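Residue numbers for the sequence shown follow the working numbering, beginning at 42 and rising by one. Where is the CB? At the ideal position from N, CA and C, for every residue including glycine. Bear in mind the structure is a predicted one, so any value in this text is a computation, not a measurement. The block underneath contains the structure these notes are about, expressed in C-alpha cells.
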Amino acid sequence: MITHDKIGSDEDLAREVLIVGRDIAPCILSFAEDSEKEKDALAVLKRVYQNLAERGSLLVKAQRIGSASVDYADIASAFDGQPRRALRALCAPASAPGMSRGSFPLERPLAKLWPERY
42 MITHDKIGSD
52 EDLAREVLIV
62 GRDIAPCILS
72 FAEDSEKEKD
82 ALAVLKRVYQ
92 NLAERGSLLV
102 KAQRIGSASV
112 DYADIASAFD
122 GQPRRALRAL
132 CAPASAPGMS
142 RGSFPLERPL
152 AKLWPERY
C-alpha cells in the first residue's frame with residue numbers, strides 16, 4: 042500500500058500529495074505491494090512531491106538577474122497535465138482504443154416501470 046513515507050520526508054507535504062493523488066485516481070491504494078502499477082504510481086507521486094518541495098525550473102515563468110527575481114507560473118495544481126493523466130491511466134480499464142470507458146448497468150431499470158410486451 043502506498044503511504045506518505047514512501048513519497049517523501051516532509052510528512053505534511055507527502056500526505057497532501059497522497060490525498061490529491063487518491064482523489065484523482067482512487068485505485069492507487071489497491072495496488073499490490075511492489076507491483077509494477079504501485080511503482081508507477083509512486084514514481085508520479087514522488088515527482089509531484091519533488092516539484093512542490095523544490096519549486097523546480099518547470100514552474101519558472103521568468104527570471105531576472107538584476108535585483109535577482111524569479112516569477113513562477115500560475116498553476117491550479119501540481120498535478121496539472123502529465124501527472125494527472127498518468128495517474129488516471131493507471132486506473133483506466135484495459136479496453137481497446139475507441140471503446141467506451143464508462144460503466145453501464147446491465148439491467149434495464151425502465152423495464153421494471155413499463156414492462157416490455159411484444
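{"query": "Cβ pair Ala55, Ile48 closer than 9 Å", "result": "yes"}
{"query": "Pick from Lys78, Val111 and Ala82 that is closest to Arg125, judged by C-alpha positions", "result": "Ala82"}
{"query": "Where the alpha helix (DSSP H) containing Ile106 begins and where it ends", "result": "Where Ile106 is concerned, there is no enclosing alpha helix (DSSP H), given that its DSSP letter is neither H nor E."}
{"query": "Closest Cα partner of Ile60 within the set Ser71, Phe72, His45 and Ser50", "result": "His45"}
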